[in-house]
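Below: the structure, in structure tokens.
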Amino acid sequence: MSADDMQRATKRMAHEIIERNQGLDDVVVIGLQTGGVPLAARLCQALEFIDGSEVPLGCLDVAFYRDDIGLRPVLPETVTNIPCDLDGRTVVLVDDVLFTGRTIRAALDALSDYGR
């Protein structure tokens, strides 16, 4: 994907998120460590540019929530930062790949432990 393609895709996603949520009042963007974090930051920038609202941005390490732990090397633990209470919020999870869905499933489990 070229830089222009990435910018167009990010802009499209931002517009879709704003439209589906009728604004950004209850939206939180969380990037999954490690590849989803820079993409989440780009998405937040696009959302804020289009809507003019600040969007909480966090990051989540799901390494110990994956169902294949022990089958592959575990990287040193990275930072998890959930910037606000997620209760009643729309959480947009961002990762850099989609294959089996294991990482997103692990993210949902991790967020459940945070009280969502």
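Residues 69 to 184 in our numbering are what the sequence shown spells out, letter by letter. All C-beta atoms, glycine included, are put in the ideal place defined by N, C-alpha and C.
Check, Outcome
"Counterpart residues of glycine 99 in DSSP-defined beta bridges", "Cys127, Val162"
"Distance, leucine 115 Cα to threonine 181 Cα", "Reading the sequence as shown, one finds aspartate at residue 181 and not threonine. Rounded to whole angstroms, aspartate 181 to leucine 115 spans 27 Å at the Cα level."
"Sub-7 Å separation of valine 123 and valine 165 beta-carbons", "no"
"Rounded C-alpha distance that separates glycine 91 from glycine 156", "15 Å"
"Range of the contiguous alpha helix (DSSP H) that encloses isoleucine 85", "71-88"
"C-beta neighbour in chain D for glutamate 122, strict 7 Å", "The structure shown has no chain D; it contains just one protein chain."
"With 16 other Cβ atoms within 10 Å as the buried cut-off, status of glutamine 101", "buried"
"Extent of the continuous alpha helix (DSSP H) to which glutamate 116 belongs", "104-119"
"Beta-carbon gap between glycine 104 and valine 160 smaller than 7 Å", "no"
"Cβ pair valine 130, alanine 174 closer than 7 Å", "yes"
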